[in-house]
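Colleague: Residues 1 to 125 (full-length UniProt numbering) are what the sequence shown spells out, left to right.
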Amino acid sequence: MKEIVQTAGAPAAIGPYSQAVTFGNLVVTSGQIPLTPAGELVQGGITEQTEQVIANLKAVLAAAGTDLDRVVKTTVFLADMNEFAAMNAVYEVHFRAPYPARSTVQVARLPRDVRVEIEVLAERH
Numbered sequence: 001m002k003e004i005v006q007t008a009g010a011p012a013a014i015g016p017y018s019q020a021v022t023f024g025n026l027v028v029t030s031g032q033i034p035l036t037p038a039g040e041l042v043q044g045g046i047t048e049q050t051e052q053v054i055a056n057l058k059a060v061l062a063a064a065g066t067d068l069d070r071v072v073k074t075t076v077f078l079a080d081m082n083e084f085a086a087m088n089a090v091y092e093v094h095f096r097a098p099y100p101a102r103s104t105v106q107v108a109r110l111p112r113d114v115r116v117e118i119e120v121l122a123e124r125h
């Protein structure tokens with residue numbers, strides 16, 4: 001059965017979507033952008049924005065009954081692939097081996113003109 005995940009620890013959905021959906025032991029998050037839980041855009045560059053995105057993902061995953069260690073796949077959307085190394089430096093602090101599968105793509109534009117958006121698939125405990 002599909003269940004909707006919602007937490008005040010991450011920014012509220014700003015459209016017709018859920019922060020995450022669970023289906024059995026699978027957790028699928030919507031893409032998280034660098035907004036605070038209050039909905040304010042984080043100031044700074046790719047490093048600060050990636051930190052906020054991961055903080056949002058942690059909150060959503062916790063609300064779903066899991067955590068970053070149970071993530072099996074991530075998709076990273078970057079506004080500029082030249083910022084990959086800086087994003088990756090933050091990413092590897094939060095994700096431990098064995099690392100999840102990952103796709104990283106450069107996109108033409110992201111919501112609110114942010115630098116990074118990340119979505120994940122995880123297994124629930």
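Even glycine gets a Cβ: it sits at the ideal position worked out from N, Cα and C.
Taking C-beta to C-beta, are leucine 121 and leucine 57 nearer than 8 Å?
Modeller: Result no, Cβ atoms of leucine 121 and leucine 57 do not sit closer than 8 Å.
Colleague: Considering only the alpha carbon of each residue, which of Ser30, Pro100 and Met1 lies closest to threonine 7?
Modeller: Looking at the Cα atoms, Ser30 is the closest of the given residues.
Colleague: State the DSSP-derived secondary structure class of valine 42, mapped to helix, strand or coil.
Modeller: Three-state result, valine 42: coil.
Colleague: Does the distance from the C-beta atom of alanine 64 to that of valine 5 stay below 8 Å?
Modeller: Contact flag set, yes.
Colleague: The beta strand (DSSP E) spanning glutamate 119 covers which residue range?
Modeller: Run containing glutamate 119: 116-123, per the beta strand (DSSP E) assignment.
Colleague: Going by DSSP, what residue range makes up the alpha helix (DSSP H) through phenylalanine 84?
Modeller: Element bounds for phenylalanine 84: 84-94.
Colleague: Would the beta-carbon of proline 16 fall within 8 Å of that of proline 37?
Modeller: Contact flag unset, no.
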